[in-house]
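Protein chains in written order, with my numbering: chain A, 1 to 440; chain B, 1001 to 1440.
First up is the structure itself, then whatever we jot down about it.
There are 2 protein chains.
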Amino acid sequence: MTDQQVVRPAAISGFPEWLPEVRLVEQHWLDVIRAGFERYGFCSVETPSVEPLDVLMAKGETSQEVYTLRRLQEDQNDTSDAKLGLHFDLTVPFARYIAQHFNDLVFPFKRYQIQRVWRGERAQEGRFREFTQCDIDVINVDHVPLHFDAELPRIIHEIMSELRLPAWTINVNNRKVLQGFYQGLGVDDPLEVIRTVDKLDKIGVSGVSELLSQKIGLTDRQVGACVELASLRGTDASVVEDVTGLGIRSELLSEGLDELAFVLDSLSDLPTGSLLADLSIARGLDYYTGTVYEGKFTDWPGYGSICSGGRYENLAGSYIRRNLPGIGMSIGLTRIFAKLLAEGLLPTGPASPSDLLMVLPEGREQAAEAAATAGLLRRRGLKVELYHQPDKVGKQVRYASRKGIPYIWFPPLSEGREHEVKDLVSGEQTAADPETWQRP
Amino acid sequence: MTDQQVVRPAAISGFPEWLPEVRLVEQHWLDVIRAGFERYGFCSVETPSVEPLDVLMAKGETSQEVYTLRRLQEDQNDTSDAKLGLHFDLTVPFARYIAQHFNDLVFPFKRYQIQRVWRGERAQEGRFREFTQCDIDVINVDHVPLHFDAELPRIIHEIMSELRLPAWTINVNNRKVLQGFYQGLGVDDPLEVIRTVDKLDKIGVSGVSELLSQKIGLTDRQVGACVELASLRGTDASVVEDVTGLGIRSELLSEGLDELAFVLDSLSDLPTGSLLADLSIARGLDYYTGTVYEGKFTDWPGYGSICSGGRYENLAGSYIRRNLPGIGMSIGLTRIFAKLLAEGLLPTGPASPSDLLMVLPEGREQAAEAAATAGLLRRRGLKVELYHQPDKVGKQVRYASRKGIPYIWFPPLSEGREHEVKDLVSGEQTAADPETWQRP
């Protein structure tokens, strides 16, 4: 206790930090996600938190606010670290990883990657400056089988179900359908139309129609067809007939519709509503070329996407003379987790992983017995805190209660007496054998 | 395949990155470490990767090369992010965490923290710019029971044993013994003597003796006693008698010797050689006040410490008007892992977590049967890759072999036939029931 000035530290905006009881839930989520990815045979990859700036900028992602590093005591003549930036996603580092280790990997290469990423943006609801992404991607030489277009959303669906997230929909579309449709319509620059229709969320049908007509110069018939396509939804392959019914034809459109039908057919066993073909989804990034995904909470349609991804061509093209297309999806762990926490929907539990607290009795022999019993229970797989000093039983019980430890163990106070366990919820106290006791 | 220039990316020095088969081992290590910490009831905490610079500098750790952040497209007038730095250890963020969340935590607060840390130093053997630390600390109001001085090295010992590390010793000492001894000797500035004796490793007995005599002005008798104390080693409490035998007395020395004896007594069940009282160990950091630890590989004494820690006073003192002493230990995961990898001592296994590869047969019905069987096996807890397309069996076997997947599953090709599993090591192929099959 000194008189020096103390300054209570404050949270840094956009850099989330959790209390132990919340972190315990986040750990459970991470375990579920990892197990979900591994159940399908995806291996773990981690990359450094930094990449050279030219790697981060290779796809011209200048819209991302990258954090660069600088040493505090940097020599003016040595600015080598200034060419390093914290990664802003896990796809760009993964493409670099593939190129760098190409000869040591087995293709199709299937990996998951769960890491923090950083963006130097202004923090707001659902947007953080440091957050955890959970990515799953498949990259192959020349061609990624369509198989994965259905397998990836199935994996993500399984994981989100196991996490018991509130109602969501994974919206799926295919960029070939959009591009092929616009080609069939006789549009000159289909990509520009895609980028414009992608703004439906923000500026609505009238805003998009105006841009298509005024800025891109589409005819009224073309604008009408674009708007009509974007309005189509469907939970099964009948949506393909709806698109065909619009009367537009092109080879690319047919290819895209076949792919979309394959995805919908393959996932027809998923619960109704969890997967939806939504012909308005485009995903802003220009690098997507086929199937695209975008997951949303049903009850918070304005909240950012909770998972997303798609098929892309050759992200590693600047590093290696191989054609390496891929497909990937990403779960926005922090975004989902923080939302549920804010909504009070996260069932937070104890502040300790312990199964039980071992009371530490007075007396050298009794204390040794307690320590030995704790050791035995640990070897049997239980998580056991040994209380740190002999103390009033009430104080030890209160410690366990405050931490949410469900059981307290009383070692025998004299020879011939039995061990006893108290259930802190029911208050019941019964004899127990450390060789066989299981947490009920 | 384009003619554009391609630049194969290179590793960034000091930022380690592993191939999947190595990462799988690292994951296993992380699982073992986490389980070891949780087995004793320590809860997980993670903090942001960054702290305000004044937090990082609070302990005057100017010798650490801190990385600060800067936004690539930073507004000259907004340099708010420049006041953030990547943490260089996990103790400083933990002290800040304790102060910030003081009212929401249960004390003694026992946490573990496994995260990456960053140091802007030149990379060399055992020193990285980005690496993973595994910390375990206890912080309490006013007083941390001596109990933890023995519990922490026991936990670390258990974990390092389970990881089957090559022979190591955890050296233990007590700063009170050193300081009390020097006080008893009549030395004016015991801390300066501690800092000097700490250089024994680097400059040897003669170098240290010269400094003690020339720079600090100790008498020959004092220098002799300091050197003699530093030469003492012992695996049990008899080392305390050796210190007492040197004939120096002080209250602080007695207190320190009692604490050291407690630690040695409490851990007397550990295998001989794994714990050693070493009276030369001081740990450079000024904030240690009692028990200190430093683990080393037996066969590589010159390699950096593989685990370390100690007791400290009130690291959170600049944030909160409470006396919050603590004790902690840290496993240098990356340092240990990279050394074993370099020495060829890391038994790396498969490049995939999969238990088995499910062959995908030709034919819609057969393929559906394969997918359904894969789903059933996954629900039973197995990790199953479904091959991504119908292909020659030989090719599917080769894929599994190259990834180190131990079993291949052949679904029946026609009704009434049986499922079969091939063990890729023995080559044996037998009938199998997907409802009951277990990996042998």
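Glycine included, each C-beta is placed from N, C-alpha and C at the ideal position.
Nonlocal neighbours in the same chain, by C-beta distance under 6 Å from residue i, ignoring five residues either side
{"i": "F131(A)", "result": "T334"}
{"i": "Y182(A)", "result": "P190, V193"}
{"i": "R1096(B)", "result": "V1055"}
{"i": "T1348(B)", "result": "E1021, V1022, V1025"}
{"i": "Q1429(B)", "result": "E1420, K1422"}
{"i": "I441(A)", "result": "Look at the range of chain A in this structure, 1 to 440, and you will see that residue 441(A) is not part of it."}
Own chain, CB closer than 8 Å to residue i, minus 5 neighbours either side, in chain order
{"i": "E228(A)", "result": "L246"}
{"i": "G1186(B)", "result": "Q1222"}
{"i": "S1305(B)", "result": "E1294, G1295, K1296, G1332"}
{"i": "L340(A)", "result": "L165, P166, L346"}
{"i": "V1470(B)", "result": "Residue 1470(B) is absent from the model: chain B starts at 1001 and stops at 1440."}
{"i": "E251(A)", "result": "G180"}
{"i": "P1350(B)", "result": "E1021, L1024, K1403, G1404, I1405, P1406"}
{"i": "I170(A)", "result": "P153, I156, H157, S274, L275, L276, Y293, E294, G295, C307"}
Integer-rounded CB distance, given that residue j should sit under 8 Å from residue i
{"i": "T1196(B)", "j": "I1216(B)", "result": "7 Å"}
{"i": "H1143(B)", "j": "P1325(B)", "result": "7 Å"}
{"i": "G184(A)", "j": "I248(A)", "result": "4 Å"}
{"i": "L84(A)", "j": "V117(A)", "result": "About 15 Å separates the two Cβ atoms, so there is no contact after all."}
{"i": "G1290(B)", "j": "G1317(B)", "result": "That pair is no contact at about 17 Å."}
{"i": "V1138(B)", "j": "I1327(B)", "result": "6 Å"}
{"i": "I1156(B)", "j": "Y1040(B)", "result": "The pair is not a contact, with the Cβ atoms about 11 Å apart (cut-off 8 Å)."}
{"i": "N174(A)", "j": "E259(A)", "result": "5 Å"}
With 16 other Cβ atoms within 10 Å as the buried cut-off, status of residue i
{"i": "E241(A)", "result": "exposed"}
{"i": "V1045(B)", "result": "buried"}
{"i": "Q1073(B)", "result": "exposed"}
{"i": "A948(B)", "result": "Since the displayed chain B opens at 1001 and closes at 1440, residue 948(B) lies outside it and no answer follows."}
{"i": "D299(A)", "result": "exposed"}
{"i": "H28(A)", "result": "exposed"}
{"i": "Q214(A)", "result": "exposed"}
{"i": "Q133(A)", "result": "buried"}
{"i": "S49(A)", "result": "buried"}
{"i": "S1013(B)", "result": "exposed"}
{"i": "Q1100(B)", "result": "buried"}
{"i": "D3(A)", "result": "The predicted model places D3(A) with a pLDDT of 48, which falls under 50 and marks its position as unreliable, so this point remains unresolved."}
{"i": "P1434(B)", "result": "buried"}
{"i": "K1392(B)", "result": "exposed"}
{"i": "F15(A)", "result": "buried"}
Closest Cα partner of residue i within the set the options
{"i": "L279(A)", "options": "I155(A), I98(A), L178(A)", "result": "L178(A)"}
{"i": "D1355(B)", "options": "V1007(B), P1440(B), F1109(B)", "result": "P1440(B)"}
{"i": "E65(A)", "options": "I327(A), L260(A), V106(A), F128(A)", "result": "F128(A)"}
{"i": "L1424(B)", "options": "Y1407(B), P1434(B), L1212(B)", "result": "Y1407(B)"}
{"i": "G375(A)", "options": "L345(A), Y399(A), W409(A)", "result": "W409(A)"}
{"i": "G394(A)", "options": "R379(A), L386(A), V359(A), A372(A)", "result": "V359(A)"}
{"i": "T1047(B)", "options": "T1068(B), L1212(B), V1092(B), S1013(B)", "result": "V1092(B)"}
{"i": "I1405(B)", "options": "S1352(B), P1052(B), G1207(B)", "result": "S1352(B)"}
{"i": "Q1396(B)", "options": "E1125(B), L1357(B), T1373(B)", "result": "L1357(B)"}
{"i": "E1365(B)", "options": "R1154(B), R1283(B), S1209(B), E1415(B)", "result": "E1415(B)"}
{"i": "F262(A)", "options": "A225(A), R379(A), D149(A)", "result": "D149(A)"}
{"i": "Y1136(B)", "options": "F1037(B), K1199(B), I1320(B), D1201(B)", "result": "It is Ile, not Tyr, that sits at residue 1136(B) in the sequence shown. Ranking F1037(B), K1199(B), I1320(B), D1201(B) by Cα distance to I1136(B) puts F1037(B) first."}
{"i": "R283(A)", "options": "Y319(A), D201(A), L212(A), E210(A)", "result": "D201(A)"}
{"i": "L1315(B)", "options": "A1342(B), Y1303(B), Y1287(B)", "result": "Y1287(B)"}
{"i": "I281(A)", "options": "K176(A), F102(A), S401(A), D265(A)", "result": "K176(A)"}
Own chain, CB closer than 7 Å to residue i, minus 5 neighbours either side, in chain order
{"i": "P361(A)", "result": "A367, A370, P390, P411, L413"}
{"i": "R1008(B)", "result": "none"}
{"i": "D269(A)", "result": "none"}
{"i": "A11(A)", "result": "E17"}
{"i": "L232(A)", "result": "V239, D242, V243, L279"}
{"i": "L1030(B)", "result": "I1114"}
{"i": "L1212(B)", "result": "V1193, T1196, L1218, V1223, C1226"}
Test: residue i CB closer than 8 Å to a CB of chain D
{"i": "L1069(B)", "result": "Going by chain labels, chain D is absent from the structure shown, which instead holds the protein chains A and B."}
(message) At a CB distance below 7 Å, what residues from the segment 1340-1359 of chain B approach chain A? Give them in sequence order.
(response) A1351, S1352, P1353, S1354
(message) Residues of the segment 1387-1414 of chain B in Cβ contact with chain A at a cutoff of 8 Å, in chain order, please.
(response) H1388, Q1389, Y1399, R1402, K1403, I1405
(request) Can you give me, in chain order, the residues of the segment 1108-1128 of chain B that have a beta carbon less than 8 Å from any beta carbon in chain A? (result) Cβ contacts with chain A: P1108, K1110, R1111, R1116, W1118, G1120.
(message) Output needed in chain order: residues of the segment 1030-1048 of chain B with a Cβ under 7 Å from some Cβ in chain A.
(response) E1038, R1039, Y1040, G1041, C1043, S1044, V1045, E1046, T1047, P1048
(request) Note down, in chain order, all residues in the segment 139-157 of chain A with a beta-carbon under 8 Å from any beta-carbon belonging to chain B. (result) Result list: P145, H147, F148, E151.
(request) With 7 Å as the C-beta to C-beta threshold (strictly closer), list the residues of the segment 1360-1389 of chain B near chain A in chain order. (result) R1378, K1383, V1384, E1385, H1388, Q1389
(message) Tell me which residues of the segment 7-18 of chain A have at least one Cβ-Cβ distance to chain B shorter than 8 Å, keeping chain order.
(response) Here the close residues are V7, R8, P9, A10, A11, I12, F15, P16, E17, W18.
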